[in-house]
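Residue numbering for the sequence shown is 1 to 147, as defined by the UniProt record's numbering.
Right, one structure below, let's go through it.
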Amino acid sequence: MFLLVFSLLSGSIALIALRRHRNQQLLVPLPGPPPTSYLAGHFKDMFGLHGVKFQEETLKTYGPTVRMTGVMGEQFVFSLDPDLIHTVLVRERSKFERNKGGALMVRSLFGGGLAGLRGEEHRQQRKLLNPVFTGQHLLEMVDRFLH
Numbered sequence: 001m002f003l004l005v006f007s008l009l010s011g012s013i014a015l016i017a018l019r020r021h022r023n024q025q026l027l028v029p030l031p032g033p034p035p036t037s038y039l040a041g042h043f044k045d046m047f048g049l050h051g052v053k054f055q056e057e058t059l060k061t062y063g064p065t066v067r068m069t070g071v072m073g074e075q076f077v078f079s080l081d082p083d084l085i086h087t088v089l090v091r092e093r094s095k096f097e098r099n100k101g102g103a104l105m106v107r108s109l110f111g112g113g114l115a116g117l118r119g120e121e122h123r124q125q126r127k128l129l130n131p132v133f134t135g136q137h138l139l140e141m142v143d144r145f146l147h
C-alpha cells in the first residue's frame with residue numbers, strides 16, 4: 001500500500017514539474033545566474049540573509065533585466081529597468097497577471113488587500129476604489145490628514 005501511494009505521489013509531482021517546465025519557458029531568452037536549488041530556485045539567495053548583495057551582484061553581472069528561477073524550476077523575470085516596470089504595472093497592466101504564488105506571497109506579507117488579489121477579483125476591487133483616489137477627493141481629505 002505504501003509503495004502504491006508513494007508511486008502515485010511521485011508520479012504526480014513529476015507530471016506537475018514537467019508541465020510547469022513546459023509552460024514556464026520564457027519567450028525571450030534572458031541572461032541570469034544558474035539556480036542553486038531546484039526546489040527553492042533563487043528565492044533563498046534573493047530573500048535570505050545576503051539577499052540584497054545577491055541581487056546587486058546579479059544585476060551588475062547580467063544587466064537590469066534577468067531570468068531567475070523560482071520554486072520547482074519556474075522561471076520569472078526580475079528587473080530594475082524603469083521603462084519595463086512602467087510597461088508592466090501601468091501601460092500594459094492587463095497583459096501581465098501575477099501568478100498564484102506571487103499573489104499568495106504578497107497576501108501573506110501584506111494581508112488581504114488589493115495587492116494580494118489577482119484577475120477578475122483584483123479588477124473589481126480596483127474599480128470600487130478608483131473614485132476614492134481621484135485628485136479632487138484626495139484634496140478634500142488633506143485637512144482630515146493634517147488635523
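Glycine residues also receive a C-beta, built at the ideal position from the N, C-alpha and C atoms.
Quantities reported herein were computed from a predicted structural model and do not represent experimental measurements.
Span of the beta strand (DSSP E), counted from its first residue to its last, around residue i
| i | result |
| --- | --- |
| Val77 | Gln75 to Ser79 |
Span of the alpha helix (DSSP H) around residue i
| i | result |
| --- | --- |
| Thr58 | Gly51 to Tyr62 |
| Met46 | Phe43 to Phe47 |
| Met105 | Lys100 to Phe110 |
| Arg93 | From DSSP, Arg93 is part of no alpha helix (DSSP H); its letter is neither H nor E. |
| Val66 | Val66 -> not in any alpha helix (DSSP H); beta strand (DSSP E) instead, spanning Thr65 to Thr69. |
| Val142 | Gly135 to Leu146 |
| Arg118 | That residue, Arg118, is in no alpha helix (DSSP H); it is neither H nor E in DSSP. |
| Leu84 | Pro82 to His86 |
Rounded separation between residue i and residue j - CA only
| i | j | result |
| --- | --- | --- |
| His147 | Val132 | 20 Å |
| Met72 | Leu89 | 26 Å |
| Glu92 | Thr134 | 21 Å |
| Lys53 | Thr69 | 17 Å |
| Ile85 | Lys127 | 22 Å |
| Glu57 | Arg107 | 28 Å |
| Lys60 | Arg67 | 14 Å |
| Lys100 | Val28 | 22 Å |
| Thr87 | Gln124 | 21 Å |
| Asp45 | Gly51 | 5 Å |
Cβ shell of residue i (< 8 Å), same chain only, five flanking positions each side left out
| i | result |
| --- | --- |
| Ala103 | Gly116, Leu117 and Arg118 |
| Leu39 | Val71 and Met72 |
Rounded Cβ spacing between residue i and residue j (contact assumed at less than 8 Å)
| i | j | result |
| --- | --- | --- |
| Pro31 | His42 | 14 Å between Cβ atoms; not a contact. |
| Leu114 | Leu129 | 7 Å |
Residue of the options minimising C-alpha distance to residue i
| i | options | result |
| --- | --- | --- |
| Leu80 | Arg123, Tyr62 and Asn130 | Tyr62 |
| Phe96 | Leu139, His122 and Phe54 | His122 |
| Pro82 | Pro64, Met68 and Glu74 | Pro64 |
| Gln75 | Leu114, Ser37, Glu120 and Leu138 | Ser37 |
| Ser94 | Phe78, Pro33, Gly112 and Glu120 | Glu120 |
| Phe47 | Val28, Phe78 and Pro29 | Phe78 |
| Pro33 | Gln55, Leu49 and His50 | Gln55 |
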